[in-house]
Amino acid sequence: MSDRIFNFSAGPAVLPEPVLRQAQKDLWDVAGSGIGVAEHSHRGKVFDRIFAETEKAARELAGIPDGYKLLFLQGGATLQFSMVPMCLLPKGRTADYLNTGVWSQKAIAEAKKVGDIHVAASSEGTNFDGIPEASAIRYSADPAYVHFTSNNTIYGTQWAAEPPAPSGAPLVCDASSDIFSRPIDVSKYGLIYAGAQKNLGPSGVTFVIIREDLADLGPKDLPILLQYRTHVKDGSMHNTPNTFGIYLMGEVFKWIKAEGGLAGIEERNRRKAKLLYDAIDASKVFKGRALPGSRSMMNVCFLSGNDDLDARFVSEAAKRGLDGLKGHRSAGGIRASIYNAMPEAGVQALVDFVHEFEKTVD
Ligand SMILES: *Cc1c(COP(=O)(O)O)cnc(C)c1O
Numbered sequence: 005m006s007d008r009i010f011n012f013s014a015g016p017a018v019l020p021e022p023v024l025r026q027a028q029k030d031l032w033d034v035a036g037s038g039i040g041v042a043e044h045s046h047r048g049k050v051f052d053r054i055f056a057e058t059e060k061a062a063r064e065l066a067g068i069p070d071g072y073k074l075l076f077l078q079g080g081a082t083l084q085f086s087m088v089p090m091c092l093l094p095k096g097r098t099a100d101y102l103n104t105g106v107w108s109q110k111a112i113a114e115a116k117k118v119g120d121i122h123v124a125a126s127s128e129g130t131n132f133d134g135i136p137e138a139s140a141i142r143y144s145a146d147p148a149y150v151h152f153t154s155n156n157t158i159y160g161t162q163w164a165a166e167p168p169a170p171s172g173a174p175l176v177c178d179a180s181s182d183i184f185s186r187p188i189d190v191s192k193y194g195l196i197y198a199g200a201q202k203n204l205g206p207s208g209v210t211f212v213i214i215r216e217d218l219a220d221l222g223p224k225d226l227p228i229l230l231q232y233r234t235h236v237k238d239g240s241m242h243n244t245p246n247t248f249g250i251y252l253m254g255e256v257f258k259w260i261k262a263e264g265g266l267a268g269i270e271e272r273n274r275r276k277a278k279l280l281y282d283a284i285d286a287s288k289v290f291k292g293r294a295l296p297g298s299r300s301m302m303n304v305c306f307l308s309g310n311d312d313l314d315a316r317f318v319s320e321a322a323k324r325g326l327d328g329l330k331g332h333r334s335a336g337g338i339r340a341s342i343y344n345a346m347p348e349a350g351v352q353a354l355v356d357f358v359h360e361f362e363k364t365v366d
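To convert a position in the sequence shown, counted from 1, into my numbering, add 4.
Dropping the structure here:
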């Protein structure tokens, strides 16, 4: 215990302690099989059961309806930036994107290689300090889909609710940094994707929730691994999946359930975020980066306005066992990533340090 510190890294990020304890045991010998979890064949009975349990736990947690498939892929959220348009944007159609940060921009850049893209709203003009108002969104006439980034990891902004999409246009969401941090109504979406390494598990697994009818779209002459239908047909095992990552996600799902499910996790996430934002709002040294109505519960970004002072805060915090607080290079300042697995004690320790640090600044 005493050798672990508070890890505020944006990703790969902190994992729940009970999950790590269990994984230590299962790496050696899982389910009394005499073989460690990372050493089992993905075609064997032991892994079959782990996979089924992981999928079932995810479905239960988020109340995922029957008409949706769950996929455990590779290539990160970044490969989804390409796969989504390759499969869901037919020739001659337009896809609409909401641009709320660097990850949205990367998704847009990849989609532009595939087809016609319309940016329906953007907060770039104000340095991504907030989420566009619904009234500011200008959709194209008949978009093939609407893509948004639910939480902007780098700028610390988050959609409070799904953007309204034109009827008939499936909503596609990059939920990498806030998936399963609060309840989600999956039936509003066509496709949700997330790299696992922020809220769900280790890096190397991409979790995809896709509406069945969409999984069958896309040219059949695309490379086999770039077609959703391949992964649906072969149960995410067309090739060897990240077996250990899928196992660990299952353990994280069980942990979330034990913490009160998504509603319980959201309640705690709100408490954690409020604790930290309240301290920043009361601070004479720091101010929050995001507009108050757009603030993220997952990535809390703040700054003093003086780069040297911010750097001193980050390095002194690290000496106190508060690690990973340096802001992303494109946003600067300080970023505290307080995903599901960050305990309240970690946020309290950070708040205490903010107060202590302020006393050293005049
Ligand atoms: C971290 C992150 C990504 C990149 O994920 P990879 O798994 O590294 O490809 C994409 N989108 C968002 C919102 C992220 O936070």
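Glycine is no exception: its CB is placed at the ideal position from the N, C-alpha and C atoms.
From what residue to what residue does the alpha helix (DSSP H) around leucine 19 run?
Taken as a continuous stretch (DSSP letters only), leucine 19 belongs to no alpha helix (DSSP H), as it is neither H nor E.
Let me know if histidine 359 comes out buried or exposed under the rule of 16 or more other beta-carbons within 10 Å of its beta-carbon.
With fewer than 16 Cβ atoms within 10 Å of its Cβ, histidine 359 is classed as exposed.
Would you check whether ligand 1 has a heavy atom nearer than 7 Å to the C-beta of lysine 258?
Not one heavy atom of ligand 1 sits closer than 7 Å to the Cβ of lysine 258.
Using a Cβ-Cβ cutoff of less than 7 Å, which residues in the same chain neighbour methionine 5 once the five nearest sequence positions on both sides are dropped?
Bear in mind that a pLDDT of 48 at methionine 5, under 50, signals an unreliable position, so the number given afterwards is only what the model happens to contain. If we look at methionine 5 and ignore the five residues flanking it on each side, it has no Cβ neighbours.
Straight-line gap, serine 181 to glutamate 57 (C-alpha atoms, nearest Å)
Our two residues, serine 181 and glutamate 57, have alpha carbons roughly 23 Å apart in a direct line.
Beta-carbon proximity list for proline 16, same chain, < 6 Å, skipping 5 on both sides
Spatial neighbours of proline 16 in its own chain (CB-CB distance under 6 Å, excluding positions within 5 residues in sequence) are listed in chain order as Gln201 and Ser207.
Taking 8 Å as the threshold, find out whether the segment 346-357 comes into contact with the segment 260-267 through three or more Cβ pairs.
A contact between stretches requires three or more CB pairs, one per stretch, nearer than 8 Å, and the segment 346-357 fails this requirement with the segment 260-267.
Is threonine 153 near ligand 1, with its Cβ less than 7 Å from a heavy atom?
Ligand 1 approaches threonine 153 closely enough that one of its heavy atoms is under 7 Å from the residue's Cβ.
Environment of isoleucine 228 [buried if 16+ CB atoms lie within 10 Å]:
By the neighbour-count rule (16 or more Cβ atoms within 10 Å), isoleucine 228 is not buried but exposed.
Cα-Cα separation between lysine 291 and isoleucine 338, rounded to whole angstroms:
Lysine 291 and isoleucine 338 have their alpha carbons spaced roughly 10 Å apart.
Report whether the distance from the Cβ of serine 319 to the nearest heavy atom of ligand 1 is below 7 Å.
For serine 319, the distance from the CB to the nearest heavy atom of ligand 1 is not below 7 Å.
Just checking my contact of leucine 218 with leucine 195 at CB under 8 Å: how many whole Å lie between their CB atoms?
The distance from the Cβ of leucine 218 to that of leucine 195 is about 6 Å, consistent with a contact at the 8 Å cut-off.
Of the residues Thr210, Gly134, Asn203 and Trp163, the one placed nearest leucine 295, counting alpha carbons only:
In terms of CA proximity to leucine 295, Gly134 leads the group Thr210, Gly134, Asn203 and Trp163.
Can you give me the start and stop residues for the beta strand (DSSP E) that lysine 73 sits inside?
Note, lysine 73: beta strand (DSSP E), 72-77.
What are the uninterrupted segments assigned as alpha helix (DSSP H) that are 4 or more residues long and contained completely in the segment 276-348, given in chain order?
Counting only runs of 4 or more, we get 311-323.
Which residue marks the beginning of the alpha helix (DSSP H) containing alanine 262, and which one marks its end?
It spans 247-262 - the alpha helix (DSSP H) in which alanine 262 sits, taken as one unbroken run.
Proximity to glutamate 325 [Cα-Cα], best of Phe357, Leu313 and Cys305
According to the sequence as given, residue 325 is glycine; it is not glutamate. Checked all of Phe357, Leu313 and Cys305; the closest Cα to glycine 325 is Phe357.
So is the beta-carbon of glutamine 201 under 7 Å away from any non-hydrogen atom of ligand 1?
Under cutoff, so the answer is yes.
Buried or exposed for lysine 323, please, with buried defined as at least 16 other CB atoms from any protein chain shown within 10 angstroms of its CB.
In this structure lysine 323 is exposed. Its beta-carbon is surrounded by fewer than 16 other beta-carbon atoms within 10 angstroms.
Tell me whether lysine 276 is buried or exposed, calling it buried when 16 or more other Cβ atoms sit within 10 Å of its Cβ.
Counting the other Cβ atoms within 10 Å of the Cβ of lysine 276 gives 16 or more, which makes it buried.
Which word fits tryptophan 163, buried or exposed, when buried means at least 16 other C-beta atoms lie within 10 angstroms of its C-beta?
It is buried - the Cβ of tryptophan 163 has at least 16 other Cβ atoms within 10 Å.
Taking 6 Å as the limit between beta carbons, can you name the residues of its chain near arginine 298, skipping five residues before and five after?
First, the amino acid is wrong: residue 298 is serine here, not arginine. Contacts found: Gly134, Ile135 and Thr161.
Would you list the residues sitting across from tyrosine 101 in a DSSP beta bridge?
Looking at the DSSP output, tyrosine 101 bridges to Val123 and His151.
Could you check whether the segment 277-286 touches the segment 38-48, counting it as contact only if at least three pairs of C-beta atoms, one from each stretch, sit closer than 8 Å?
Not touching, per the Cβ criterion.
For the putative contact between isoleucine 213 and leucine 354, defined by C-beta atoms under 8 Å, what is the C-beta separation to the nearest angstrom?
Contact annotation, isoleucine 213 with leucine 354: C-beta distance approximately 32 Å; criterion of less than 8 Å not satisfied.
By the three-class DSSP mapping on this structure, what secondary structure does tyrosine 159 have?
Here tyrosine 159 sits in coil by DSSP.
Does the beta-carbon of glycine 15, which I'm using as the reference point, lie nearer than 7 Å to any heavy atom of ligand 1?
Checking every heavy atom of ligand 1 against the Cβ of glycine 15, one is found closer than 7 Å.
With three or more C-beta pairs closer than 8 Å as the rule, is the segment 231-240 touching the segment 109-118?
Touching, no.
If distances are taken between C-alpha atoms only, which option among Asp146, Asn131 and Ser127 comes closest to alanine 138?
Checked all of Asp146, Asn131 and Ser127; the closest Cα to alanine 138 is Ser127.
Cβ of alanine 81 versus every heavy atom of ligand 1: is any distance shorter than 7 Å?
Relative to ligand 1, the beta carbon of alanine 81 is positioned inside 7 Å of a heavy atom.
With distances taken Cα to Cα, identify the nearest neighbour of methionine 253 among Ala14, Asp282 and Gly199.
Checking every option, the nearest Cα to that of methionine 253 belongs to Gly199.
How about asparagine 246 and tyrosine 343: do their beta carbons lie closer than 8 Å?
Their beta carbons are not under 8 Å apart, which means asparagine 246 does not touch tyrosine 343 by this criterion.
Other residues of its chain near alanine 340: CB distance less than 7 Å, five sequence neighbours each side excluded
Sequence-distant partners of alanine 340 (beyond 5 residues in either direction) whose C-beta falls short of 7 Å from its own C-beta, in its chain, are Phe12, Leu280, Val304, Leu329 and Leu354.
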